[in-house]
Amino acid sequence: MKSNSIKRLVILALAFSLYSSKVTAQTEPMYSQYMFNMLNINPAYAGSRSVPGMTSLFRKQWLGIPGAPQTSSVSLDMPLNQEKAGLAIQILDDRLGVERTTGAQLNYAYRIKLSEKGILAMGLRFGVLNYRANYSEVSTLTQNDPAFYQNVSGLLPAAGAGVYYMTDQFYAGVSVPSLLQTKLNAQQQADVSSRVNNLHFFATMGGVFKINDDLKLKPSVLMKTVSGAPIEFDFNSNLWLQDKIAFGLSYRTGDAIVGMVEWQMNDQLRFGYDYDYTISKLNPYNQGTHEIMLRYEFGSSRNSYVSPRYF
């Protein structure tokens, strides 16, 4: 085997080992722009923006490393029953090496008005995922390795739950994105069990603070935890300029420093971009991570509230 092929295998093995340690702390796809659309991590967020909206997101992780994670998603969500409920459908495509997971998930949130501005939402998520692994494409050190002869493919059920509280100026949420332990057996059929002993918890909190008529500060934090793994945090702060454009900076513990920008192009269209600079052991082997978000709202949420919706 050529030396450059061996180098690629070493880099890929390092990437997967580090990513698997991340997966121990979170099995869901990673997002840096979670604060722009929390439906990706909490089903209780469905319908929270008061108007129907469509959001697309694309994340290309660790540029320069072959087989590095790549995630795409498109979601459509809307309020129901005079905003007493919310409904959302999400289509996703998540790739890692020779593995690929695609599918659709339905999110439903029941919303309770606790005060004039405070709303508590409880959400559930159900879906079907198609998992595929093309093992025959793997380059191995041992030729004709029988462990990599057969590709696998099958449908897996998915379920999640969450709670989300929000006002015009504050939000907090707790979610378990994956309630089920699913895998394919030797017959490529789904084996499903509860994840009671290995639940992955996400907790989020953030707010908006007015500095003056032109500037607002929007800090937020995301915590990811699971038994047997270190707690991981994303600390973020965005500075809004005239409610039109925001510049932000995030720190993901032990993993990356993130720079981001969000542009409210008009009342309906919002664009977001971030760049993750790796600070882990993978730093010498990649050129960072890019993530792009685009949201279109059918109507203006600004017409329903005195102040713009920041989350």
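When you number the sequence shown by the numbering used here, it's gap-free, plus one each residue, and the end is 446.
Glycine included, every Cβ here is placed at the ideal spot set by N, Cα and C.
Spatially closest choice to residue i from the options, by CA coordinates
i: Asn269; options: Ser185, Val186, Thr236, Lys353; result: Thr236
i: Phe305; options: Gly341, Ile346, Leu350, Gly289; result: Gly341
i: Leu227; options: Gln196, Ile247, Thr190; result: Thr190
i: Ser250; options: Arg230, Tyr300, Gln205; result: Tyr300
i: Ile392; options: Asp409, Ala244, Asp349; result: Asp409
i: Thr447; options: Gln422, Pro354, Ser167; result: The question about residue 447 has no answer here: the residues shown for the chain are numbered 136 through 446.
i: Leu198; options: Leu231, Lys379, Gly238, Ser385; result: Leu231
i: Leu417; options: Tyr431, Leu404, Asp390; result: Asp390
i: Asp348; options: Pro365, His335, Leu374; result: Leu374
i: Pro214; options: Asn333, Ser362, Ala181; result: Ala181
Limits of the unbroken beta strand (DSSP E) element including residue i
i: Asp212; result: 205-215
i: Asn265; result: 254-268
i: Tyr386; result: 380-387
i: Ser310; result: 305-311
i: Asn371; result: 367-376
i: Glu426; result: 424-432
Nearest-angstrom Cα separation, counted from residue j out to residue i
i: Gln240; j: Phe261; result: 6 Å
i: Asn488; j: Phe344; result: What is shown of the chain runs 136 to 446, which leaves residue 488 out entirely.
i: Gln225; j: Pro164; result: 13 Å
i: Gly293; j: Lys252; result: A small correction: the amino acid at residue 293 is Ala; Gly does not occupy that position in the sequence shown. About 33 Å.
i: Pro187; j: Gln377; result: 24 Å
i: Ala256; j: Arg246; result: 4 Å
i: Tyr445; j: Leu352; result: 10 Å
i: Gly238; j: Arg387; result: 28 Å
i: Gly295; j: Thr339; result: 16 Å
i: Met358; j: His335; result: 10 Å
i: Leu192; j: Glu426; result: 7 Å
i: Ser156; j: Gln316; result: With a pLDDT of only 41 at Ser156, under the threshold of 50, the placement of this residue in the model should not be trusted; the figure read from the coordinates follows. Between Ser156 and Gln316, the C-alpha separation is close to 18 Å.
Presumed contact (8 Å Cβ cut-off) between residue i and residue j, rounded CB distance
i: Val263; j: Leu290; result: 6 Å
i: Gln196; j: Thr360; result: At roughly 21 Å, the Cβ-Cβ gap does not stay under 8 Å, so Gln196 and Thr360 are not in contact.
i: Val298; j: Ala179; result: 6 Å
i: Gly394; j: Gln168; result: With 8 Å as the limit, Gly394 and Gln168 do not qualify as a contact, their Cβ atoms being about 12 Å apart.
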